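Top to bottom, those sequences are chains A and B. Residues 4 to 133, numbered by our numbering, are exactly what the first sequence covers, in order. Residues 85 to 331, numbered by our numbering, are exactly what the second sequence covers, in order. All C-beta atoms in this analysis are idealised placements derived from N, C-alpha and C, irrespective of residue type, glycine included. Note that the coordinates shown come from a computational prediction; the quantities given were computed from them, not determined experimentally. This report concerns only the one structure given below.
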Amino acid sequence: MTLAAALLLLLVFGLLVFDWATMRAKNRRVLVLETAAFIAGAFFIAFPNRATELANLVGIGRGVDFFLYPTVIWLVRESLLTRRRRLEDAELITQLARAVAVAESRRIGGSAQSGGAPPQSSGDSASITT
Amino acid sequence: MTTVPAVSAVLPAVAILMPAYEERATLGPTLASLRAASRDRAHVTVFVVDDGSEPPLEIAQELAAPWLEIVLARHPVNLGQGAALETARQLALADEAFSAYVTMDSDGQHGAVDALRLAERVAAGADVVFGDRFAGGSNVPFLRAAVLRAARVFEWAITGLRLADAHNGLRAFSRRAIEQIPIRQNGMAHATEIKQRVRRAAPLVVEEMPVSVRYTKESLAKGQRSLGALGILHDLAIQYVFGERET
Chain A
4 MTLAAALLLL
14 LVFGLLVFDW
24 ATMRAKNRRV
34 LVLETAAFIA
44 GAFFIAFPNR
54 ATELANLVGI
64 GRGVDFFLYP
74 TVIWLVRESL
84 LTRRRRLEDA
94 ELITQLARAV
104 AVAESRRIGG
114 SAQSGGAPPQ
124 SSGDSASITT
Chain B
85 MTTVPAVSAV
95 LPAVAILMPA
105 YEERATLGPT
115 LASLRAASRD
125 RAHVTVFVVD
135 DGSEPPLEIA
145 QELAAPWLEI
155 VLARHPVNLG
165 QGAALETARQ
175 LALADEAFSA
185 YVTMDSDGQH
195 GAVDALRLAE
205 RVAAGADVVF
215 GDRFAGGSNV
225 PFLRAAVLRA
235 ARVFEWAITG
245 LRLADAHNGL
255 RAFSRRAIEQ
265 IPIRQNGMAH
275 ATEIKQRVRR
285 AAPLVVEEMP
295 VSVRYTKESL
305 AKGQRSLGAL
315 GILHDLAIQY
325 VFGERET
């Protein structure tokens, strides 16, 4: 086993131990899934030739590419979904902040010369359209 | 304070949409110049939207006048100039029917007289009047001018609207126009978005008018940086990719 493989295995098991110690109560299903994925990952780290054999079966040269390609595709998709979600959240925050601003808007001074203006009181306000 | 209110006609009700963020030193003088310029010439309602300044901006009662009302709203968090303009737009549309809606900065760069002149053009029949700082004798710094010239070409390419200036916050709209121009870009990309919407709206009479934009050390330190153009491109690209959200 190479030094890199040993360090990766150490990292994988270290993360597993940490996650079981800190998240056990609430996230048991996630932890079981994570453990299964990590054990599979550890197996292929310890026995890279098995990964290469698997890759060759589907026409990919290296074992590491067999895992890398789908991981990159998944990460790109995840990144786009996260970005979209962030924009939606920002839009909601904008609407909320705007609703507060409109509801608490107040009029300072002036007169009723030009009809139609809301009365001079705090919290008068205008319905908003978003 | 402006003492030469050289607006030629008596204007009916004008709405000024004014975003403000931490403009503690300049907001008061800007409102005072509007009060001076509009006296006997227009009934002005200024919709000031404090975009989450800490502590909140305060406006002295004395800045208002019988011919100048001020509506102050405050975002509980900082959202960006585009978002503040949109809040002001919605407040103004829910208020009375104004003859013109003018967007104006609160950092002292824009002149009150120019704002009323733009409103005057709208009252005379234009739907959208963009300020042109290059024709108005503004002291535009060299680098800023270069970036704006490039932005002008970029905006022409993506909006089809060929104007002499870009990202000038001093502009005026008719009600018919502003109703068709909701602002979804919270940040500085709203200036390009406005042009896109003007182009896509029902046929509008679009004009440009010389205005003077006054650059001071303070406004340059606080205002948009030239590198901000990259952020604007990013925001426009994101909007292009993810489209406009139906809300």
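Partner residues on chain B for residue i, Cβ-Cβ distance less than 7 Å
i        : result
A/Thr97  : Leu163, Ala167 and Asn270
A/Ser108 : Val155, Leu156, Ala157 and Leu175
A/Arg53  : The contacting residues do not exist; A/Arg53 stays about 40 Å from chain B at best.
A/Arg87  : Phe326
Residue i versus residue j - alpha carbon distance
i        : j        : result
B/Asp135 : B/Thr300 : 22 Å
B/His251 : A/Val61  : 55 Å
A/Arg80  : A/Leu57  : 25 Å
A/Ala40  : B/Leu254 : 58 Å
A/Arg88  : A/Ile76  : 18 Å
B/His318 : B/Arg283 : 21 Å
B/Arg125 : B/Leu95  : 6 Å
B/Phe326 : A/Leu83  : 9 Å
B/Arg228 : B/Arg119 : 30 Å
A/Leu36  : A/Asn30  : 10 Å
A/Ser125 : A/Ala106 : Low confidence applies to A/Ser125: its pLDDT is 38, below 50, so where it sits in the model is not reliable, and the reading given next is rough at best. Roughly 9 Å separates the two Cα atoms.
A/Leu6   : A/Gly17  : 16 Å
A/Leu13  : B/Val237 : 56 Å
B/Gln323 : B/Gln264 : 18 Å
A/Asn3   : A/Gln98  : Limits of chain A in this structure are 4 at one end and 133 at the other, which puts residue 3 of chain A out of reach.
B/Thr248 : B/Glu138 : It is Ala, not Thr, that sits at residue 248 of chain B in the sequence shown. Cα to Cα, the separation comes out at about 36 Å.
B/Trp240 : A/Thr25  : 56 Å
B/Asp198 : B/Ser258 : 16 Å
A/Val20  : A/Ala9   : 16 Å
B/Ile316 : B/Gly112 : 29 Å
B/Arg123 : A/Arg86  : 49 Å
B/Ala230 : B/Leu200 : 28 Å
A/Tyr72  : A/Phe50  : 19 Å
A/Leu78  : B/His159 : 35 Å
Residue j beta carbon less than 7 Å from that of residue i
i        : j        : result
B/Leu202 : B/Ala256 : yes
B/Val130 : B/Ile154 : yes
B/Val289 : B/Asp179 : no
A/Ile111 : B/Ile242 : no
A/Ala104 : B/Ala157 : yes
A/Gly44  : A/Thr55  : no
B/Phe226 : B/Ala97  : no
B/Leu320 : B/Ala273 : yes
B/Ala184 : B/Val161 : no
B/Ala176 : B/Asn270 : no
B/Leu147 : B/Leu115 : yes
A/Ala102 : B/Leu163 : no
B/Ala62  : B/Val133 : No statement about residue 62 of chain B is possible, as the shown extent of chain B runs from 85 to 331 and does not include it.
B/Lys279 : B/Leu245 : yes
A/Leu11  : A/Ile48  : yes
B/Gly220 : B/Thr110 : no
A/Phe69  : A/Ile63  : yes
Within chain B, partners of residue i - CB distance below 9 Å
i        : result
A/Val105 : Ala157, Thr171, Gln174, Leu175 and Ala178
Limits of the unbroken alpha helix (DSSP H) element including residue i
i        : result
B/Asp134 : Unbroken run through B/Asp134 is the beta strand (DSSP E), His127 to Asp134; no alpha helix (DSSP H).
A/Tyr72  : Gly66 to Ala106
B/Ala109 : Counting along the chain, B/Ala109 falls outside any alpha helix (DSSP H), and DSSP gives it neither H nor E.
B/Ala176 : Gln165 to Ala178
A/Ala45  : Arg31 to Ala49
B/Ala321 : Gly312 to Phe326
B/Leu202 : Ala196 to Ala207
A/Ala8   : Leu6 to Met26
B/Pro267 : A small correction: the amino acid at residue 267 of chain B is Ile; Pro does not occupy that position in the sequence shown. That residue, B/Ile267, is in no alpha helix (DSSP H); it is neither H nor E in DSSP.
B/Ile278 : His274 to Arg284
Neighbouring residues, chain A, relative to residue i (Cβ below 8 Å)
i        : result
B/Ile267 : In chain order: nothing, as chain A lies at least about 10 Å away.
B/Val133 : Ala104
B/Glu106 : Simply none; closest approach about 16 Å.
Residues that residue i contacts on chain A, provided the C-beta gap is smaller than 7 Å
i        : result
B/Ile143 : Ile111
B/Pro160 : Ala100 and Val103
B/Ala149 : Gly112
Residue range of the unbroken beta strand (DSSP E) whose run includes residue i
i        : result
B/Gly221 : Element bounds for B/Gly221: n/a, residue is neither H nor E.
B/Thr187 : Ala184 to Thr187
B/Phe257 : Arg255 to Phe257
B/Ala157 : Leu152 to Arg158
B/Glu292 : Val290 to Pro294
B/Ala97  : Ala97 to Ala104
Neighbouring residues, chain A, relative to residue i (Cβ below 9 Å)
i       : result
B/Ala99 : Per Cβ cutoff of 9 Å: no residues; B/Ala99 is ~10 Å from chain A at best.
Chain C contact for residue i (CB, 7 Å cutoff)
i       : result
A/Asp22 : Absent from the structure is chain C; the protein chains it does hold are A and B.
Checklist entry - Can you find at least 3 beta carbon pairs, one from the stretch 97-107 of chain B and one from the stretch 181-192 of chain B, that sit closer than 8 Å? => result Contact between the stretch 97-107 of chain B and the stretch 181-192 of chain B is present, because at least three Cβ pairs lie under 8 Å.
Checklist entry - Looking at C-beta atoms only, is the number of pairs between the stretch 202-216 of chain B and the stretch 284-296 of chain B that lie closer than 8 Å three or more? => result A contact exists between the stretch 202-216 of chain B and the stretch 284-296 of chain B.
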